[in-house]
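Just so you know, we're using the working numbering here: the sequence shown kicks off at 20 and counts up by one.
Here's the structure we're looking at; comments come further down.
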Amino acid sequence: MSISVTEVKEYLLKSKIKPSFPRLKIFEYLASNPTHPTVDDIHKTLVEEIPTLSKTTVYNTLDLFIRSQIVRPITIDGNELRYDVDVTTHGHFKCQDCGVIYEFDMDPALPRSLDGFRILDKNIYFNGVCPSCLAKDASASS
Numbered sequence: 020m021s022i023s024v025t026e027v028k029e030y031l032l033k034s035k036i037k038p039s040f041p042r043l044k045i046f047e048y049l050a051s052n053p054t055h056p057t058v059d060d061i062h063k064t065l066v067e068e069i070p071t072l073s074k075t076t077v078y079n080t081l082d083l084f085i086r087s088q089i090v091r092p093i094t095i096d097g098n099e100l101r102y103d104v105d106v107t108t109h110g111h112f113k114c115q116d117c118g119v120i121y122e123f124d125m126d127p128a129l130p131r132s133l134d135g136f137r138i139l140d141k142n143i144y145f146n147g148v149c150p151s152c153l154a155k156d157a158s159a160s161s
């Protein structure tokens, strides 16, 4: 998904976020790279364009985006925090062989056993091997 700086600026303003240059670039990067990047991914890419960008700025910006509910954090591996601009209810699958993260639609309905609970967040994560890697394994075994 490609998004213009003007669109990002309008979206941030609509979300009551001051559109500073680092905030614009970080959100633009997230929206243009639906790979669920880590802080390191974001920083490593953007520091080439913004040499003064610190990891602290990236962390603080992402924290602001999360609190404003325009980005959601996802943890698929126990210690690897990634970020997603798609804040709708959906699940994630990470291939343990190639590392690609796939998104899938999820039924937004809650199990009856959770009636009476106030749900603040829903996450479903699967780990396994994707069809492409399974096919490579099968052809390597032949």
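Idealized CB from N, CA, C, for every residue including glycine.
Treat the numbers as computed from the prediction; the structure is a model and nothing was measured.
- Beyond the five residues adjoining it in sequence on each side, arginine 91 comes within less than 7 Å, by CB distance, of Ile85, Asp103, Val106 in the same chain, given in chain order.
- The C-beta distance from valine 77 to histidine 55 rounds to 15 Å, too long to fall under 8 Å, and the pair is not in contact.
- Taking the CA atoms as reference points, proline 150 sits about 14 Å from alanine 159.
- Annotation: lysine 113 to isoleucine 36 spans about 31 Å, alpha carbon to alpha carbon.
- In the structure shown, the three-state DSSP call for cysteine 152 is helix.
- Classified as buried, leucine 72 has 16 or more neighbouring CB atoms from the shown chains inside 10 Å of its CB.
- DSSP lists Phe123 as the bridge partner or partners of glycine 110.
- Residue environment: arginine 137 is assigned as exposed (fewer than 16 neighbouring CB atoms within 10 Å of its CB, all protein chains considered).
- CA-CA distance, phenylalanine 40 to proline 70, rounds to 13 Å.
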